[in-house]
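Here the structure comes first, spelled out in structure tokens, and everything after it is commentary.
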Amino acid sequence: DALGQNKSLKQLLFCDSDITSKGWEAYLKLICDTSSPNSIYLSNHTLCTLCNLGGRWHPHAGSSVRSSMATWLQINRTRNLAAKRKILYSFPDLEMVPLFQWN
Numbered sequence: 350d351a352l353g354q355n356k357s358l359k360q361l362l363f364c365d366s367d368i369t370s371k372g373w374e375a376y377l378k379l380i381c382d383t384s385s386p387n388s389i390y391l392s393n394h395t396l397c398t399l400c401n402l403g404g405r406w407h408p409h410a411g412s413s414v415r416s417s418m419a420t421w422l423q424i425n426r427t428r429n430l431a432a433k434r435k436i437l438y439s440f441p442d443l444e445m446v447p448l449f450q451w452n
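Written out as structure tokens, the structure is:
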């Protein structure tokens, strides 16, 4: 829960460990919970790097999880627009005008 609401951590490096595919999916959900636009808005928008100390993804992360993670982490690099971009990426038919009223 703390990582999902974190506003300052930009990089998370960890030692090689046995993070399962479910563990990677949990990280993915913290970075961008696509269950609703509000869930995306409440997700983490500051983390830009998530990898082991060798700079590689863990082998248990499936290709779709790796691809989604890379997309959301790249979007987080534009922090002031990250929430809007994630919402528009995940919900392209959403009415956009209310989004532009956010700070």
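Heads up, the sequence shown is in the numbering used here, so the first residue is 350 and it goes up one at a time.
All residues carry an ideal CB built from backbone N, CA and C; glycine is no exception.
| Item | Value |
| --- | --- |
| Quickly, what does DSSP pair N401 with across the bridge? List them, please. | F363 |
| Just to confirm the assignment, what range does the alpha helix (DSSP H) spanning V414 have? | 412-424 |
| Taking 8 Å as the limit between beta carbons, can you name the residues of its chain near P307, skipping five residues before and five after? | Residue 307 is absent from the structure shown; the chain starts at 350 and stops at 452. |
| According to the neighbour-count rule (16 or more other Cβ atoms, all chains shown, within 10 Å of its Cβ), is N393 buried or exposed? | buried |
| Counting only the same chain and skipping the five closest in sequence on each side, list residues whose C-beta sits under 6 Å from that of L422. | C397 |
| Would a C-beta distance cut-off of 8 Å place C381 and I368 closer than the cut-off? | no |
| Any idea what DSSP makes of S370, helix, strand or coil? | helix |
| Taking the CB atoms as reference points, tell me whether T362 and N401 lie closer together than 8 Å. | The identity of residue 362 in the sequence shown is Leu, whereas the question assumes Thr. Yes. |
| CA-CA distance, W373 and V414? | 7 Å |
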